[in-house]
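Written out below as structure tokens is the structure these notes cover.
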């Protein structure tokens, strides 16, 4: 695997310490992950063995525990079935961690879009409000 950039390492350290990455860095992260996702097919081939995970809904510490139990990426491959955000208290950190891992190990993590990854749903179920609380403006919601 390619060497982890110091930026990716910094983002992982920040997130694992329970903090969000800076708004400026989040914009960069979103743009870089978007480039990866645009290149992927809508139907994505996945090599077995793989661990399949259901709704996370912003339960950041459950996600960390999931990696502790199931194995760290890249040792274990994962498919996340969507619904990363809303309802839980740490949707921002959850989505940011999954995006950093996607950037770092694109072939080891597959992110499917759930019904909670839409503008309409996130504005109702809490992700939008969490963005405002943690960043002080709605810009990151638009990235």
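Residue numbers (the working numbering): -12 to 130.
Glycine included, C-beta positions come from ideal geometry on N, C-alpha and C.
Own chain residues within Cβ distance below 6 Å of residue i, not counting five before or after
i: residue 114; result: 72, 73 and 78
i: residue 63; result: 38 and 57
i: residue 47; result: 77, 80 and 81
i: residue 95; result: 60, 61 and 64
When the options are compared against residue i, the one with the closest alpha-carbon
i: residue 34; options: 65, -1, 1 and 81; result: 65
i: residue 0; options: 100, 88 and 125; result: 88
i: residue 39; options: 48, 54 and 45; result: 54
i: residue 22; options: 75, 12 and 90; result: 90
Close Cβ partners of residue i (< 7 Å) along its chain, the five nearest in sequence each way excluded
i: residue 3; result: none
i: residue 10; result: 122, 126 and 127
i: residue 118; result: 79, 125, 127 and 128
Range covered by the beta strand (DSSP E) that runs through residue i
i: residue 40; result: 38 to 40
i: residue 98; result: 96 to 98
i: residue 48; result: From DSSP, residue 48 is part of no beta strand (DSSP E) but of the alpha helix (DSSP H) over 47 to 57.
i: residue 131; result: Past the edges of the chain, shown from -12 to 130, lies residue 131, and the structure says nothing about it.
Beta bridge counterpart(s) of residue i as assigned by DSSP
i: residue 114; result: Residue 114 is not bridged to any residue.
i: residue 65; result: 38 and 96
N- and C-terminal bounds of the alpha helix (DSSP H) containing residue i
i: residue 1; result: -7 to 3
i: residue 6; result: It is not in any alpha helix (DSSP H) - residue 6 carries neither H nor E in the DSSP assignment.
i: residue 78; result: 78 to 91
i: residue 127; result: 126 to 129
CB-CB length for residue i against residue j, believed under 8 Å
i: residue 138; j: residue 60; result: Since the first residue shown for the chain is -12 and the last is 130, residue 138 is missing from the structure and cannot be characterised.
i: residue 98; j: residue 85; result: 6 Å
i: residue 16; j: residue 25; result: 15 Å between Cβ atoms; not a contact.
Close Cβ partners of residue i (< 8 Å) along its chain, the five nearest in sequence each way excluded
i: residue 101; result: 42, 68, 69, 70 and 71
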